[in-house]
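Under our numbering, read the sequence shown as residues 24 to 132, first letter to last. Using N, Cα and C, we set each Cβ at its ideal position, and we do this for glycine too. Fair warning: this is a prediction, and the values are worked out from it, not measured in the lab.
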Amino acid sequence: MKILNQKGQALLEAAFVLPLLLATGTALAFLFYRTLVFYYADHQLHEALICAESVQVSTCKNHLEKNLQKLMFKNTRLNVRLNKSLSGSTGRIEIALQPEIQISKELRL
């Protein structure tokens with residue numbers, strides 16, 4: 024009789040722990056995704072700023088948006104701004120995740 028009670032207790036403990044493990048795994052996966060999006064967007068913005076120094080800004084902006092859409096979900100809103108001036112290039116990316124990711128960079132050559 025004692026063994027049956029221990030089996031029931033193990034089943035009950037597993038039933039309580041499983042949702043906690045699932046929630047922790049989901050939170051870690053979301054954190055990993057946000058980190059990946061941030062660093063990938065930062066790198067792509069830097070590449071677009073370098074591109075804007077030698078090619079038309081609209082070409083670099085389209086290439087940047089295309090590369091960022093590869094990593095985003097379909098409904099993710101993305102706002103990209105690239106500007107070129109005599110002193111260098113500036114860029115800003117806003118990604119509508121909660122909380123929102125904003126990256127601004129300036130490249131002076």
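(request) Confirm, please, whether the CB-CB distance from residue 114 to residue 128 is below 7 Å. (result) yes
(request) Could you say if the segment 101-116 and the segment 54-71 meet the contact criterion of at least three C-beta pairs nearer than 8 Å? (result) yes
(message) Could you check whether residue 107 and residue 75 sit closer than 7 Å to each other, using their CB atoms as the reference points?
(response) yes
(request) For residue 89, write down the residues that DSSP places opposite it in a beta bridge. (result) According to DSSP, which records beta bridges pairwise, residue 89 is partnered with nothing at all.
(message) Is it the case that the segment 81-88 contacts the segment 117-124, given that we only count it when at least three CB pairs across the two stretches are under 8 Å?
(response) These segments do not touch.
(message) Using 8 Å for Cβ pairs, my map puts residue 91 next to residue 101. What's the rounded Cβ distance?
(response) 6 Å
(request) Along the beta strand (DSSP E) that carries residue 110, what are the first and last residues, could you check? (result) Per DSSP, residue 110 belongs to no beta strand (DSSP E) and is neither H nor E.
(request) With a 10 Å radius around its C-beta and 16 neighbouring C-beta atoms as the bar for buried, classify residue 40 as buried or exposed. (result) Burial call: exposed.
(message) Just to confirm before moving on: does the CB-CB distance between residue 55 and residue 124 stay below 7 Å?
(response) With contacts defined as CB atoms closer than 7 Å, residue 55 and residue 124 fail to qualify as a contacting pair.
(request) Using 6 Å as the cut-off, classify the Cβ of residue 130 as near or not near the heavy atoms of the ligand FAD, replying yes or no. (result) For the structure depicted, the ligand FAD is absent and the ligand set is empty, with no information on it obtainable.
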